[in-house]
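Counting in our numbering, the sequence shown runs from 98 upward without gaps.
Ideal Cβ placement from N, Cα and C applies to all residues, glycine included.
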Amino acid sequence: TPERVHISRTGSRARAQSSWTYEHLQQKMSENGALPLRGKVLTVDTMNANVKKVDYAVRGPIVQRAVQIEKELKEGVKKPFEEVIKANIGDAHAMGQRPITFFRQVIALCTYPQLLDDNKFPEDAKNRARRILQSCGGNSIGAYTTSQGIDCVRHDVASYIQRRDGGIPSDPDNIYLTTGASDGIVTILKLLTAGEGRTRTGVMISIPQYPLYSASIAELGAVQINYYLNEEKCWSLDISELQRSLHAAREHCNPRVLCIINPGNPTGQVQSRQCIEDVIRFAAKENLFLMADEVYQDNVYAEGCEFHSFKKVLFEMGPEYSSKVELASFHSTSKCYMGECGFRGGYMEVINMDPEVKAQLTKLVSVRLCPPAPGQALMDLVVNSPQPGEPSYQTFMKERTAVLSALAEKAKLTEEILNTVPGISCNPVQGAMYSFPRITLPERAINEAKAKGQAPDMFYCMKLLEESGICLVPGSGFGQREGTYHFRMTILPPTDKLKIMLNKLKEFHQKFTQQYS
């Protein structure tokens, strides 16, 4: 009816006027700063700027492309290879290493305690499981633990350190269980980062370095201070280079921390005792906090090389140093012969930390409640493994020795084969799980890479992936001297697959060099 049409038109005009008035009001309020214009609250422009600076090459663009290629292979896309060999990361079990039987038995018992009645499990495994469960709330590994970690595990870690270091005491109160070593490293860096401008904390890291350090420094807004390892001397550390780096950094920041990775990642060097003493003297003289990343402490292969913990050397140097130098050292369940990366177990020991700062550290770790309880249990087994006379001892030692012997064999094999390739030079892999060979690239390849906006060794590694299915990490992701190029490759694949991979790499390098010469 006409009345309804009139009402309808009137209603429409009213709604339109109301909508216009609301939008006009919003616009006016936005212009006056009272109300922001509508849009995403979180954008790349409004997010934490430090996060955008984070780069983690170990899982960067090449690895992402490797995952895509794996999907393409499953979908039937034809490639010049049948599988992707991922030699980009130190993930032992993913590369085929078998878990240590005793460790998995105890974890199974902790996770499903009804198995304690099963006679298939040895008594020493059951005893370890009962002890761990009795230290957990409700006798369950699913309960929260104390923030610093399960008490009996921290005591076992302290006992392990004391045995390892020839009787030098270790206090369980100085032990913090962590979510892998990475968690402890980031936590200590958080405590140390302070100041603004020229007073901002500077963190000295080796180049090449493990990208956890550069990424954490960027995220925290600290200042990265590079010191270069000497490739010509098997990636050794020179005190004169530390001094040069420190002196230059004091022009623009406040260097407070010196980070050491021993055995080295990505370079595989093992530091001599003399080198460690020199580093400790340098840290004492320059008043630096020492961070010792020792997650590869069982991975030493080269004749004449031996692992020395920073704590042991520090205390053997006497009270002039042992009572003064502040040290945090780190270990993990992820490396060595264990390779249990996914459990995220680890610990850190702090030495000479100010009691008030230590209270702040304890508060800080309490914010994340606790590390994963299964990871803590696994860490306990690493530091409290089967002993002579126990039922599991012989099997445990056989498995442990087999893993470390195979790694030593593969370290030697990698060095030997790579050094037969013209244009590739590989230092001895003294320890850890990686080789970091230097590659000579033709000028044409370097220019083409730069034209594409890529680092030359990134260009090389991407070509290698596309043509051979081998996934490596370019040296530029770890840092290297200007004008030099490298890649990092794990030595973890099974020996037969490693030989295939090295021979494919050899063929590719020769073809690549010929193509761009």
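Asked	Found
Contact between the stretch 207-214 and the stretch 423-434 (3+ Cβ pairs under 8 Å)	no
C-beta contact flag for F609 and S565 at 7 Å	no
Beta carbon of G281 nearer than 7 Å to that of A529	no
The stretch 511-525 / the stretch 439-446 touching (three or more Cβ pairs under 8 Å)	no
Pair within 7 Å by beta-carbon distance, S532 and M586	yes
Which listed residue (P363, C402, Y418) has its alpha carbon closest to that of L387	Y418
Pairwise C-alpha distance: E545 and Q457	52 Å
Boundaries of the beta strand (DSSP E) in which E506 is found, first to last residue	First-last for E506: 490-515, but that is the alpha helix (DSSP H), not the beta strand (DSSP E).
Whole-angstrom distance between C438 and N600, CA atom to CA atom	28 Å
Residue range of the alpha helix (DSSP H) that includes E446	Here E446 belongs to no alpha helix (DSSP H); instead the beta strand (DSSP E) covers 442-448.
7 Å Cβ cutoff met for G576 and Q306	yes
Segment contact, 8 Å Cβ cut-off, at least three pairs: the stretch 349-358 with the stretch 299-319	yes
Cut-off 6 Å between Cβ atoms - residues of its own chain near A291, not counting five sequence neighbours on either side	T298
Residue span of the alpha helix (DSSP H) that contains R585, given as start and end	First-last for R585: 584-587, but that is the beta strand (DSSP E), not the alpha helix (DSSP H).
Contact under 7 Å by Cβ, S342 with L309	no
Inter-residue spacing [alpha-carbon to alpha-carbon] between W332 and A470	37 Å
Alpha-carbon to alpha-carbon, L562 and Y613	17 Å
Touching by the beta-carbon criterion (3+ pairs, under 8 Å), the stretch 262-269 and the stretch 481-488	no
Cβ contact check for the stretch 540-560 and the stretch 493-505: 3 or more pairs under 8 Å	no
Classification of G574 by the beta-carbon crowding that lies within 10 angstroms, buried from 16 upward	buried
Per-residue DSSP class, three states only, for C568	strand
Simplified DSSP state of M435, which is helix, strand or coil	coil
Classification of L602 by the beta-carbon crowding that lies within 10 angstroms, buried from 16 upward	buried
Exposed unless 16 or more other CB atoms sit within 10 angstroms - verdict on T276	buried
Whole runs of the beta strand (DSSP E) within the stretch 325-390, excluding any shorter than 3 residues	351-358, 386-390
Nearest-angstrom Cα separation, counted from Q473 out to G450	The identity of residue 450 in the sequence shown is Met, whereas the question assumes Gly. The straight-line gap from Cα to Cα measures roughly 23 Å.
Cβ-Cβ distance between P269 and H252 below 7 Å	yes
Closest by C-alpha distance to T242, when choosing among V283, L595, V181, C467	C467
Bridge partner(s) assigned by DSSP for H38	Past the edges of the chain, shown from 98 to 614, lies residue 38, and the structure says nothing about it.
Nearest-angstrom Cα separation, counted from N185 out to C372	29 Å
Environment of I258 [buried if 16+ CB atoms lie within 10 Å]	buried
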